Amino acid sequence: MKETLATCNTNAAGDNAKLLSCVNLVAPPFDTLIAVIRDLPESQDPCFLKCDMKIGEMYKAEQNRNKMKDLVKHVPEEKLSCIFGCKVDEFDKTKPGGKTISQRIAEKVNTSKVHDENHKKEMLETLKRCTDTVAGQPNENTLLGKCLDLFNPPFVDIY
Numbered sequence: 001m002k003e004t005l006a007t008c009n010t011n012a013a014g015d016n017a018k019l020l021s022c023v024n025l026v027a028p029p030f031d032t033l034i035a036v037i038r039d040l041p042e043s044q045d046p047c048f049l050k051c052d053m054k055i056g057e058m059y060k061a062e063q064n065r066n067k068m069k070d071l072v073k074h075v076p077e078e079k080l081s082c083i084f085g086c087k088v089d090e091f092d093k094t095k096p097g098g099k100t101i102s103q104r105i106a107e108k109v110n111t112s113k114v115h116d117e118n119h120k121k122e123m124l125e126t127l128k129r130c131t132d133t134v135a136g137q138p139n140e141n142t143l144l145g146k147c148l149d150l151f152n153p154p155f156v157d158i159y
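Each residue of the sequence shown is one higher than the last, beginning at 1 in the numbering used here.
Set out below in structure tokens:
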């Protein structure tokens, strides 16, 4: 992409229309860039920057935002845990005094239709253990996501 862009930039000699035409912005691989700008208004989200999300990962994240199991196939779990923690931290800053992430996860577990009562009990025990383990640590919410292995069964199934 860099070579194509450099060549097209030289050939376009400052003419933006020629540059865009040369790189064929609506065809791969450059179409991903325009799609991110079009579809992902939060592409400048500080969490994406903090967690070193690449443009392609942002785009895949946006495409799979409601399908957690598919999202894990496209974005490394380490980055997902970072995004999870960062987003929770940002939410907590804007709405202080609300439910903790542990309380919100517990609600999801309790209302899960895919887990039986024994499985829910095990999940809640894991949640308590992980919550206690990470309490007070820097990046507590990110560490909670990692401890729970949030992006794999059984916890991924509550979303």
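Ideal Cβ placement from N, Cα and C applies to all residues, glycine included. Predicted model only: the values in this text are computed from it and were never measured.
Using three-state DSSP, classify residue 151 as helix, strand or coil. coil
Using the three-state DSSP reduction, which class does residue 145 fall into: helix, strand or coil? helix
Please report how far the alpha carbon of residue 102 lies from the alpha carbon of residue 89, in whole angstroms. 13 Å
Out of 133, 124, 53, which one is the CA nearest neighbour of residue 144? Checking every option, the nearest Cα to that of residue 144 belongs to 133.
Residue 105 and residue 71 look like a contact to me (Cβ under 8 Å); what is the Cβ gap, rounded to whole Å? With a contact defined as Cβ atoms closer than 8 Å, residue 105 and residue 71 miss out at about 17 Å.
Residue 19 to residue 131 span [Cα, whole Å]: For residue 19 and residue 131, the distance between alpha carbons rounds to 52 Å.
Where residue 97 and residue 91 are concerned, what is the direct C-alpha to C-alpha distance, given to the nearest angstrom? 11 Å
Let me check you understand the geometry: is the CB of residue 14 closer than 6 Å to at least one non-hydrogen atom of the ligand HEM? Looking for the ligand HEM in the displayed structure turns up nothing, as the structure carries no ligands at all.
Counting only runs that start and end within the segment 88-148, where is the beta strand (DSSP E) found for 3 or more residues in a row? If we require 3 residues or more, the segment 88-148 turns out to have no beta strand (DSSP E) run fully inside it.
Closer than 7 Å by C-beta to residue 24: which residues in its own chain qualify, once you throw out the five before and the five after it? Chain order, please. Correct list, in chain order: 30.
Buried or exposed for residue 113, going by 16 or more other Cβ atoms inside 10 Å? exposed
Within its chain, find whatever has a CB closer than 7 Å to the CB of residue 119; leave out the 5 residues flanking it on each side and keep chain order. 154
Use the C-beta contact count for residue 141: other C-beta atoms within 10 angstroms, 16 or more gives buried, fewer gives exposed. buried
Report the residue from 67, 27, 5 whose alpha carbon sits nearest the alpha carbon of residue 157. 67
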